[in-house]
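Numbering (this note's numbering), first residue to last: 69 to 605. Ideal Cβ placement from N, Cα and C applies to all residues, glycine included.
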């Protein structure tokens with residue numbers, strides 16, 4: 069019908085056994101250090117949501133970057149197996165599905181050998197492991213993409229209505245997990261039109277199968293466009309060339325910079341890049357590879373076009389659903405070369421890259437997470453880090469804070485929400501906690517999760533009601549307590565010129581009594597002097 073043929077049309081018991089083995093090994097790797105880190109901002113917002121009703125989640129997610137299906141899944145799981153650790157396990161289980169799903173994709177594209185290779189690479193992929201250990205929707209997207217593309221390839225080959233219905237259902241689930249999945253659906257539409265261009269009547273079955281999916285998607289398209297308009301100022305701040313490079317690296321060695329050695333990152337990704345280039349060169353010779361190339365390239369090109377228009381939407385994690393396709397193209401490119409020795413060398417080089425980076429990930433665990441879990445790695449390299457710095461700090465606060473004392477979170481504008489929201493999660497709002505910011509906190513930094521009174525713009529708003537302040541910061545403590553240090557780094561901390569909370573504390577008669585540090589989390593305890601606390605004396 070289209071020239072798309074595979075040597076393994078019927079799924080056998082051996083295929084299911086292969087998928088089960090890949091799932092089990094992937095899960096075992098993802099369980100390593102699964103609970104070695106406290107939750108961070110992006111996880112906390114989901115933990116807040118699962119306390120809402122299903123209807124409230126639907127409404128609330130209209131102010132979020134993702135639709136409500138993943139919070140619904142978390143809420144359902146949490147109803148049976150409650151707790152933060154249980155939710156991490158749930159995400160690890162979802163993440164372990166990708167190697168199993170990509171096995172069927174490789175089998176559909178070529179044969180079981182390719183399925184095993186791709187499954188093993190997805191077992192080892194640092195990016196997939198990283199997001200499988202995080203309470204985020206990205207963990208399930210790669211598996212859904214594998215199922216969608218597998219269904220698409222099988223549908224083009226067989227034109228069975230049942231296969232198209234399966235693909236449509238997967239696409240609907242993927243869209244309501246994360247909006248960027250729509251780009252894959254659009255790419256499949258373009259590819260299908262291309263393959264059926266000589267017989268457009270063959271578009272009927274996939275169109276009928278996807279019609280209910282398209283109708284249900286339309287319920288959220290308006291929300292998606294409005295949300296994009298609301299956050300475009302944030303996207304405008306991105307450097308497109310840098311994000312484009314990070315996205316390519318994201319598909320291979322994840323975001324790790326190996327001690328700021330970006331040359332090492334580039335070298336390690338060369339085997340994958342060369343395989344991908346080979347796939348581009350040889351793609352027209354094999355319909356399956358051409359289809360994969362279209363499905364991979366179209367979402368990237370659409371995002372690039374939007375970004376070049378002035379509103380960058382390039383984040384590596386937004387394209388995580390394309391990672392299995394990139395691996396499939398890279399391996400398929402090497403296997404398309406004429407000499408078997410070159411094929412083997414290319415695939416082995418890819419395995420070396422994936423294995424080495426996974427080893428680095430686990431041996432440098434805190435460093436690998438420092439960009440998201442920015443509380444873990446301390447400012448001083450000779451000071452040990454701790455993945456539970458935030459929970460340690462909050463345990464200490466709960467044990468030592470006095471009845472009229474308050475907690476104020478004050479870091480640079482990018483980091484301050486990353487201590488505030490986890491703290492109110494750990495403390496369950498049992499303490500008087502405030503987020504200090506002279507400007508309004510935007511929605512993409514969690515304003516929609518704040519309650520009236522959470523934010524203060526000046527210490528004077530609460531000064532008369534307390535005799536003690538516990539200041540929580542991710543910045544070096546000297547930046548807040550030592551004027552000379554602050555002056556030396558003024559160029560990098562201009563926000564302190566307008567938001568000088570330590571100076572406000574001093575002017576109100578508060579002096580620092582004690583400073584404690586866990587990882588990057590610093591707590592400075594300020595107390596008011598006796599003369600300021602009781603002027604009558």
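Quick check: residue i and residue j, are their CB atoms within less than 8 Å of each other?
{"i": "residue 530", "j": "residue 591", "result": "no"}
{"i": "residue 102", "j": "residue 156", "result": "yes"}
{"i": "residue 336", "j": "residue 218", "result": "no"}
{"i": "residue 398", "j": "residue 343", "result": "yes"}
{"i": "residue 509", "j": "residue 523", "result": "yes"}
{"i": "residue 186", "j": "residue 395", "result": "yes"}
{"i": "residue 108", "j": "residue 122", "result": "no"}
{"i": "residue 445", "j": "residue 223", "result": "no"}
{"i": "residue 418", "j": "residue 339", "result": "yes"}
{"i": "residue 136", "j": "residue 145", "result": "no"}
{"i": "residue 271", "j": "residue 260", "result": "yes"}
{"i": "residue 315", "j": "residue 384", "result": "yes"}
{"i": "residue 402", "j": "residue 346", "result": "yes"}
{"i": "residue 170", "j": "residue 190", "result": "yes"}
{"i": "residue 362", "j": "residue 229", "result": "no"}
{"i": "residue 86", "j": "residue 184", "result": "yes"}
{"i": "residue 423", "j": "residue 318", "result": "no"}
Does residue i come out as helix, strand or coil in the three-state DSSP assignment?
{"i": "residue 369", "result": "helix"}
{"i": "residue 256", "result": "helix"}
{"i": "residue 587", "result": "coil"}
{"i": "residue 201", "result": "coil"}
{"i": "residue 582", "result": "strand"}
{"i": "residue 574", "result": "helix"}
{"i": "residue 330", "result": "helix"}
{"i": "residue 523", "result": "strand"}
{"i": "residue 151", "result": "coil"}
{"i": "residue 594", "result": "strand"}
{"i": "residue 501", "result": "strand"}
{"i": "residue 477", "result": "strand"}
{"i": "residue 538", "result": "strand"}
{"i": "residue 304", "result": "Caution applies to residue 304, whose pLDDT of 46 falls short of 50 and renders its modelled position unreliable; the value that the coordinates give is listed next. It is helical."}
Less than 7 Å between the CB of residue i and some heavy atom of the ligand ATP, yes or no?
{"i": "residue 457", "result": "This structure lacks the ligand ATP; in fact it carries no ligand of any kind."}
Return the chain-ordered list of same chain residues with a C-beta closer than 7 Å to the C-beta of residue i, the five sequence neighbours on each side being excluded.
{"i": "residue 526", "result": "572"}
{"i": "residue 437", "result": "105, 444"}
{"i": "residue 544", "result": "447"}
{"i": "residue 97", "result": "191, 197"}
Which whole-angstrom value describes the C-beta separation of residue i and residue j, a residue pair presumed to lie in contact below a C-beta threshold of 8 Å?
{"i": "residue 252", "j": "residue 216", "result": "6 Å"}
{"i": "residue 434", "j": "residue 455", "result": "6 Å"}
{"i": "residue 47", "j": "residue 246", "result": "In this structure the chain extends from 69 to 605, so residue 47 is not present and cannot be described."}
{"i": "residue 213", "j": "residue 278", "result": "Not really, about 16 Å apart at Cβ, beyond 8 Å."}
{"i": "residue 203", "j": "residue 430", "result": "With a Cβ gap of about 20 Å, residue 203 and residue 430 do not count as contacting."}
{"i": "residue 133", "j": "residue 516", "result": "Wrong, their Cβ atoms sit about 11 Å apart, outside the cutoff."}
{"i": "residue 479", "j": "residue 542", "result": "4 Å"}
{"i": "residue 331", "j": "residue 285", "result": "The Cβ separation is near 43 Å, so there is no contact."}
Looking only at its chain, what residues have a beta carbon closer than 8 Å to the beta carbon of residue i, apart from the 5 residues adjacent to it on each side?
{"i": "residue 501", "result": "474, 475, 476, 477, 488, 491, 492, 495, 522"}
{"i": "residue 352", "result": "358"}
{"i": "residue 91", "result": "164, 165, 167, 168"}
{"i": "residue 411", "result": "402, 403, 405"}
{"i": "residue 287", "result": "none"}
{"i": "residue 610", "result": "An answer regarding residue 610 cannot be provided, because it is not within the stretch 69 to 605 covered by the chain."}
{"i": "residue 569", "result": "476, 478, 504, 527, 539, 548"}
Buried or exposed for residue i, going by 16 or more other Cβ atoms inside 10 Å?
{"i": "residue 442", "result": "buried"}
{"i": "residue 373", "result": "exposed"}
{"i": "residue 82", "result": "exposed"}
{"i": "residue 148", "result": "exposed"}
{"i": "residue 406", "result": "exposed"}
{"i": "residue 52", "result": "The structure shown does not extend to residue 52, since the chain is modelled only from 69 through 605, so no value can be given for it."}
{"i": "residue 280", "result": "exposed"}
{"i": "residue 554", "result": "buried"}
{"i": "residue 333", "result": "buried"}
{"i": "residue 79", "result": "exposed"}
{"i": "residue 124", "result": "exposed"}
{"i": "residue 421", "result": "buried"}
{"i": "residue 151", "result": "exposed"}
{"i": "residue 289", "result": "exposed"}
{"i": "residue 211", "result": "buried"}
Excluding the 5 residues preceding and the 5 following residue i in the sequence, name in chain order all residues of the same chain whose CB lies nearer than 6 Å to its CB.
{"i": "residue 481", "result": "563"}
{"i": "residue 461", "result": "586, 589, 591"}
{"i": "residue 536", "result": "470, 473, 595"}
{"i": "residue 161", "result": "none"}
{"i": "residue 453", "result": "434, 444, 445, 446, 587"}
{"i": "residue 199", "result": "206, 207"}
{"i": "residue 506", "result": "525, 566, 567"}
{"i": "residue 232", "result": "223, 273, 274, 277"}
Any beta carbon of chain B sitting closer than 8 Å to that of residue i?
{"i": "residue 231", "result": "Among the chains of the structure shown, chain B does not appear; only one protein chain is present."}
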